[in-house]
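Going down the list, the sequences are from chains Z and H.
Quick note: the first sequence, position 331, residue 337 per our numbering, numbers continuous.
Quick note: the second sequence, position 88, residue 91 per our numbering, numbers continuous.
Heads up, the beta-carbon is just placed ideally off N, CA and C, and yes, glycines get one too.
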Amino acid sequence: MLAELGLAALWLCAALAVLQLVGGALAQRDGSGELAALVRPAAIVQGVLAMFAFLMLLWVFAITDLSVKLVATNSHSMKPLIFKLSGAWGNHEGSMLLWVTVMAMAGGLIALVEKRLPEKTMQATLAAQGFVALGFYAFLILSSNPFERLPLPAVEGQGLNPLLQDIGLAFHPPTLYFGYVGLSVAFSFAVGALLTRQVTPEFARVMRPWVLGAWVFLTLGITAGSYWAYYELGWGGWWFWDPVENASLMPWLAATALLHSASVLAARDALRTWTIMLGVVAFSMSMVGTFLVRSGILTSVHAFAVDPERGSFILMLLTLYIGGALAVFAVRAGSIAEGTRFKAWSREGALVFNNVMLSAILGIVLLGTLYPLLTEAFDVRVSVGPPYFNPVGAIFTIPMLLVMGVGPLLRWRGDSWERLKWPIITISAIIAVVGLLVLVFGDVTVLPLLGLAIAAGLAIAAFLPLRGRNLRRVPIATWGMVIAHFGIAVSLFGMASETAFTQEKLAAVSPGGSEQVGDWNIKLESVDPVAGPNWTALEARLFVSRGSEKPALVTPQARNFWAPPQQTTESALLTRWDGQFYAVLGDQAEDGRWQLRLWWKPFVTLIWYGGLLIALGGVFAIIGRVRSDLRRRAGEEDNEGNSPEWEQA
Amino acid sequence: MRWTLWLPLMLFAGFVGLAGYQLTQPKDEFVESKMVGKPLPAFDLRPAALNRPGASLADFQDGKPKLLNIWASWCLPCIAEAPHLERLKEQGVEIVGVAIRDRPQDVARFLDQHGNPYARIGADDVSAIQLEIGSSGVPETFVIDGQGVIRHQHIGDVRASDVPMLMQKLEEAR
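What follows is the structure, encoded as structure tokens:
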């Protein structure tokens with residue numbers, strides 16, 4: 007019964023999405039149209055019904071209704087409740103339902119509260135939202151019905167892969183979906199603004215919280231994914247330029263560019279068509295990423311959930327959404343009036359530079375990711391990796407980072423060199439001095455050297471926008487920017503330090519023997535078998551110490567899972583304020599010695615702390631923006647005059 | 004009409020065309036081995052087990068296609084593939100084993116516990132043959148035609164789903 011209610015709700019949702027699409031489209035043609043008044047209510051009811059359908063799915067998973075096929079194949083009556091619930095979206099059908107539910111709820115929310123845009127633009131936006139959602143409903147109802155019943159109820163569920171019974175993995179997909187859905191809302195706003203030619207600062211302000219929200223989730227997703235790969239895969243690396251990683255990086259790059267160009271549009275009514283273009287590109291990148299990962303078209307070290315049929319379907323949706331939006335763009339963009347002009351040496355100028363660089367990096371990553379696909383068409387197999395991505399990306403990343411230090415100090419419209427002479431000289435001096443120090447005292451290649459120097463300069467530069475201001479009157483959004491830019495510096499420092507100063511040793515050690523890595527002394531006490539619920543492992547007991555410190559025990563394992571049979575290495579980490587000690591247990595040699603792979607990675611943790619700071623900055627920015635919106639709506643005098651942007655320092 | 008505005012759509016169409024084309028191509032998930040088409044090197048291995056003869060190049064040149072299975076008693080996936088090798092043997096396939104870096108008593112114990120699908124088992128104590136035929140791990144299975152030429156290399160354990168594929172490769176090698 008519950009499952010049937012859920013399915014009925016889905017059908018109703020699809021009908022409402024059609025209503026949104028048709029009503030919104032008719033409203034564009036003949037002014038108001040009779041259905042136009044129904045567009046907003048349809049979006050709200052659709053949001054409620056989608057939520058209801060998802061609750062029904064959670065419910066059948068909670069009570070382990072084994073007559074539902076999805077439950078029978080993905081759950082088990084003995085599983086802890088939290089993993090029963092997370093099992094609801096830990097599969098293809100459930101995750102699609104989660105995605106469309108979040109999207110419908112976002113549509114309902116904007117229909118309910120968004121009153122700033124012209125009604126016609128809102129209807130066009132909701133029509134676009136309905137169009138996007140309709141594709142997903144069609145997919146769910148026609149080919150991936152999560153509520154499908156079995157002819158005979160199963161006796162017991164087939165469980166969830168024990169490897170996936172991990173709290174981190176339970177929340178990893180929703181994080182990504184929130185990010186993707188935020189970008190889909192930005193996409194709908196962009197299409198709506200384009201259709202009605204209402205590309206205004208108001209549009210940018212309405213869109214911005216959604217972009218920021220998506221950006222925060224994507225930042226968290228990338229940060230967590232990088233750390234997961236670092237400790238779980240046991241290779242000691244934190245970024246591999248794998249297609250799956252690139253699939254998460256590309257929407258992030260586009261969203262980063264979008265949120266900066268939206269700021270220019272919101273504050274200065276410039277970069278109109280460019281912002282629209284980025285709104286389309288950001289969502290495209292999330293769809294392209296999903297397509298590359300799910301279709302199995304690219305060989306990836308962690309290709310999963312691969313299914314060519316689903317791949318064709320996603321490609322079809324992608325063609326409809328993105329092809330449609332780009333066609334509208336080609337027809338309409340020419341008729342959108344050019345925005346306000348500005349001087350090159352201004353806040354806008356710096357932000358345009360940032361946008362060009364980010365777009366270039368995005369292009370480089372996209373090209374590198376798709377290149378194997380292109381050459382395979384001519385029967386040439388290539389693999390594109392760090393030797394391409396690192397140096398080519400750096401050509402654009404370094405200038406972008408340098409301008410990032412100065413940009414926030416510039417005034418809108420135009421600025422003078424005189425006013426900024428000293429901050430710029432200070433930042434340059436820090437970069438030069440740190441660079442020289444590293445050059446003299448360290449044996450470091452050029453990219454990490456530049457990374458360390460620029461990180462030091464940026465860390466200081468990030469706080470310069472606060473200089474000479476009453477800190478209690480600094481807008482929250484400005485704090486957000488400062489924190490996020492500081493986070494970039496912190497993360498960059500971690501990356502450069504890890505690359506430059508990591509000490510690595512591959513050693514063969516007998517029990518009782520010891521080994522040295524950098525300042526660390528490692529003693530192998532023993533290697534013993536240990537057993538877990540579904541694995542057995544060899545576990546090394548290592549006592550690790552530095553200087554006169556008390557030795558700490560770390561226990562790397564080599565695990566054998568038996569269902570399904572799989573070998574994994576469980577690395578062991580010892581975290582200190584200035585870095586991490588990383589140990590991996592390898593095979594036993596014939597003479598009884600054990601292979602150990604040992605690393606000391608100075609300041610490696612800053613990579614992920616930096617990522618968290620960037621996301622925190624995004625959260626501050628959202629709070630600041632939404633608060634000033636609410637204030638303005640309440641009719642209060644905005645205490646920053648009429649320009650609530652990251653103002654005139 | 005500014006033609007540059009159509010550029011994004013054209014680029015996107017290029018991507019869709021490429022992706023669509025690749026999606027319709029049959030995806031060979033396995034990298035074709037460079038050893039396919041090469042003859043086996045000359046070798047002559049002593050028996051690895053008491054009740055089976057050793058293996059040499061001459062065994063592969065009697066005109067009948069065979070499987071060459073690289074394995075070891077200390078290899079866990081080899082246990083997993085043992086029943087599937089047994090099924091291949093039941094279908095009349097002659098399997099020649101090469102035991103890598105193994106001891107006779109371990110080999111005997113393994114064959115006792117997990118069955119013995121092998122017609123012959125040679126002992127490769129220093130991985131010499133293994134390296135010469137381009138095998139980098141255990142287990143691996145090669146399809147060898149009647150003249151001793153490698154026709155297919157299967158990396159990793161033989162699973163139930165691989166059995167028909169190997170039968171077909173053997174048929175093709177006839």
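Check, Outcome
"With 8 Å set as the bound, which would you pick, yes or no: does the beta-carbon of Leu134 of chain H sit closer than that to a beta-carbon of chain Z?", "no"
"Taking the CB atoms as reference points, tell me whether Trp95 of chain Z and Leu87 of chain Z lie closer together than 8 Å.", "no"
"Excluding the 5 residues flanking Phe223 of chain Z on each side, which residues of the same chain have their C-beta closer than 6 Å to its C-beta?", "Thr181, Phe184 and Gly185"
"Using DSSP with H/G/I as helix, E/B as strand and the rest coil, what is Leu277 of chain Z?", "coil"
"Which residues in chain H have a C-beta closer than 9 Å to the C-beta of Ala383 of chain Z? List them in chain order.", "Leu21, Tyr24, Gln25 and Gln28"
"Counting only Cβ-Cβ distances shorter than 9 Å, please list the residues of the stretch 289–303 of chain Z near chain H, keeping chain order.", "Ser290, Val294, Phe297, Leu298, Ser301, Gly302 and Ile303"
"Three or more C-beta pairs closer than 8 Å, one from the stretch 459–473 of chain Z and one from the stretch 408–424 of chain Z: is that the case here?", "yes"
"I want to see whether chain Z comes within less than 8 Å of Trp9 of chain H, judged by CB atoms only; does it?", "yes"
"How far does the alpha helix (DSSP H) with Arg112 of chain H in it extend, from its first residue to its last?", "Pro107 to His117"
"Mind listing the chain Z neighbours of Phe15 of chain H? Cutoff is C-beta to C-beta under 7 Å, in chain order.", "Ile328, Gly329 and Leu332"
"By the criterion of Cβ-Cβ separation under 7 Å, what are the contact partners of Thr325 of chain Z in chain H?", "Val19"
"Quick one: is Arg387 of chain Z buried, meaning 16 or more other Cβ sit within 10 Å of its Cβ, or exposed?", "exposed"
"What does the Cβ neighbour count give for Trp17 of chain Z, buried or exposed, with the cut at 16 atoms within 10 Å?", "exposed"
"May I have the straight-line CA-CA distance separating Ala160 of chain Z from Ala68 of chain Z, to the nearest angstrom?", "16 Å"
"Quick one: list the residues of chain H neighbouring Met283 of chain Z, beta-carbon separation under 8 Å, in chain order.", "Pro11"
"Compare the C-alpha of Asn5 of chain Z against each of Z:Thr508, Z:Ile482, Z:Gly399 and Z:Gly285 and name the closest.", "Absent from the model: residue 5 of chain Z. The displayed extent of chain Z is 7 to 655, so no value can be given."
"Against chain H, which members of the stretch 334–349 of chain Z pass a CB distance test of less than 7 Å?", "Phe335, Ala336, Ala339 and Gly340"
"Quick check on this structure: which residue in Z:Trp583, Z:Ser341, Z:Asn360 and Z:Glu344 has the alpha carbon closest to the alpha carbon of Ala350 of chain Z?", "Z:Asn360"
"So if DSSP puts Glu576 of chain Z in a beta bridge, which residue, or which two residues, is it bridged to?", "Z:Gln563"
"If we count the other Cβ atoms within 10 Å of its Cβ and call it buried at 16 or more, is Ala490 of chain Z buried or exposed?", "buried"
"For the 8 Å Cβ check, are there 3 or more pairs between the stretch 439–453 of chain Z and the stretch 486–501 of chain Z?", "no"
"Here's a check: name, in chain order, each residue in its chain whose Cβ is nearer than 7 Å to the Cβ of Ala117 of chain Z, leaving out the five neighbours to either side.", "Arg46, Ala49, Ile50 and Leu132"
"What's the gap between the Cα of Gly159 of chain H and the Cα of Leu71 of chain H?", "13 Å"
"Are there 16 or more other CB atoms within 10 angstroms of the CB of Val129 of chain H, so buried, or fewer, so exposed?", "exposed"
"State the DSSP-derived secondary structure class of Gln25 of chain H, mapped to helix, strand or coil.", "helix"
"Pick from Z:Arg552, Z:Leu22, Z:Asn566 and Z:Ala546: whose alpha carbon is nearest that of Val560 of chain Z?", "Z:Ala546"
"Provide the residue span of the alpha helix (DSSP H) that contains Lys126 of chain Z, from first to last.", "Glu125 to Ser149"
"Roughly how many whole angstroms lie between the Cα atoms of Glu653 of chain Z and Val334 of chain Z?", "Only weak support exists for where Glu653 of chain Z lies, its pLDDT of 42 falling under 50; the value from the coordinates is given anyway. Taking the straight line from one Cα to the other gives about 34 Å."
"Apart from the five residues on each side of it in sequence, which residues of its chain come closer than 7 Å, Cβ to Cβ, to Ile147 of chain H?", "Leu43, Phe63, Pro68, Lys69, Leu71, Ile153 and Arg154"
"Would you decide whether Asp644 of chain Z is buried or exposed? Buried here means 16 or more other CB atoms lie within 10 Å of its CB.", "The predicted model places Asp644 of chain Z with a pLDDT of 45, which falls under 50 and marks its position as unreliable; any figure quoted below should be read in that light. Under this definition Asp644 of chain Z is an exposed residue."
"Would you call Tyr121 of chain H buried or exposed, if buried means 16 or more other Cβ atoms sit within 10 Å of its Cβ?", "buried"
"When the distance is taken between beta carbons, is Leu364 of chain Z closer than 8 Å to Leu277 of chain Z?", "no"
"Does DSSP classify His157 of chain H as helix, strand or coil?", "strand"
"Are Val119 of chain Z and Ala56 of chain Z closer than 8 Å when you measure CB to CB?", "no"
"Spell out whether any CB of chain Z is found under 8 Å from the CB atom of Arg55 of chain H.", "no"
"Starting from the C-beta of Ala543 of chain Z, find all residues in its chain whose C-beta is less than 8 Å away, skip the five residues before and the five after it, and write them out in chain order.", "Pro535, Val536, Ala537, Gln563, Ala564, Arg565, Asn566 and Glu576"
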